[in-house]
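Visitor:
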Amino acid sequence: MSHSGDPSFEIEAELWRWTPEPPAKASWYFVTITGEAADAIRSLGFERRALGGARGFGSVRIRASVDGVAFETSAFPHKTSGGYLIPVKAGVRKAAGVSEGETVTVGLWL
């Protein structure tokens, strides 16, 4: 996984929140990746699984950034969009100065 240089993809996406049913207390924040970037994540996942690197829930380890704040995470398949979801932790949101509903620039290193 490359950690420097320009991202493989740079897209605009909305930061959104998912809140599970009670008694769960925490909300999760995501960006949805679709199109060519999602296809590249899917291909990367197929390659890694072929090499014995399967991960839970069909997730694929990637490096991403939100408004310039880079982090390592997993991209999770999203049936509704046909793409992938990338969780954005509180520390990343705070460092990037972004909140729910904002359009952010997402960088992906694949």
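Numbering-wise, our numbering comes out as the position in the sequence shown, counting from 1, plus 178. Heads up, the beta-carbon is just placed ideally off N, CA and C, and yes, glycines get one too. No experiment lies behind these values; they were computed from the predicted model shown.
Please return the same chain residues whose Cβ sits closer than 6 Å to the Cβ of Glu-280, not counting the five positions on each side in sequence.
Guide: For the purposes of this step, residue 280 is taken as the residue at position 102 of the sequence shown. Excluding residues within five positions, the ones whose Cβ falls inside 6 Å are Leu-193.
Visitor: Measure the C-alpha to C-alpha separation of Val-209 and Phe-254 and round it to an integer number of angstroms.
Guide: Sequence index remark: in the sequence shown, residue 209 carries index 31 (1-based). Sequence index remark: in the sequence shown, residue 254 carries index 76 (1-based). Cα-Cα distance, rounded: 11 Å.
Visitor: Locate the beta strand (DSSP E) running through Gly-261, then write down its first and last residues.
Guide: On the sequence shown, position 83 is the one that residue 261 refers to. 261–265 is the extent of the beta strand (DSSP E) around Gly-261.
Visitor: Could you have a look at Ser-221 and say whether DSSP puts it in helix, strand or coil?
Guide: Position 43 of the sequence shown, counted from the start, is the residue given in the question as residue 221. Ser-221 falls in the helix class under three-state DSSP.
Visitor: Per DSSP, which one or two residues make a beta bridge with Arg-241?
Guide: Along the sequence shown, read from residue 1 onward, the residue named residue 241 stands at position 63. Arg-241 is bridged to Glu-250, Trp-287.
Visitor: Report the rounded CA-to-CA distance for Ala-273 versus Trp-196, giving the unit in angstroms.
Guide: Numbered from its first residue, the sequence shown carries residue 273 at position 95. Numbered from its first residue, the sequence shown carries residue 196 at position 18. Their backbone Cα atoms lie some 20 Å apart in a straight line.
Visitor: Please name the residue in Gly-213, Val-244, Gly-260 whose C-alpha comes closest to that of Val-130.
Guide: As shown, the chain starts at 179 and ends at 288. That puts residue 130 outside it, with no answer to give.
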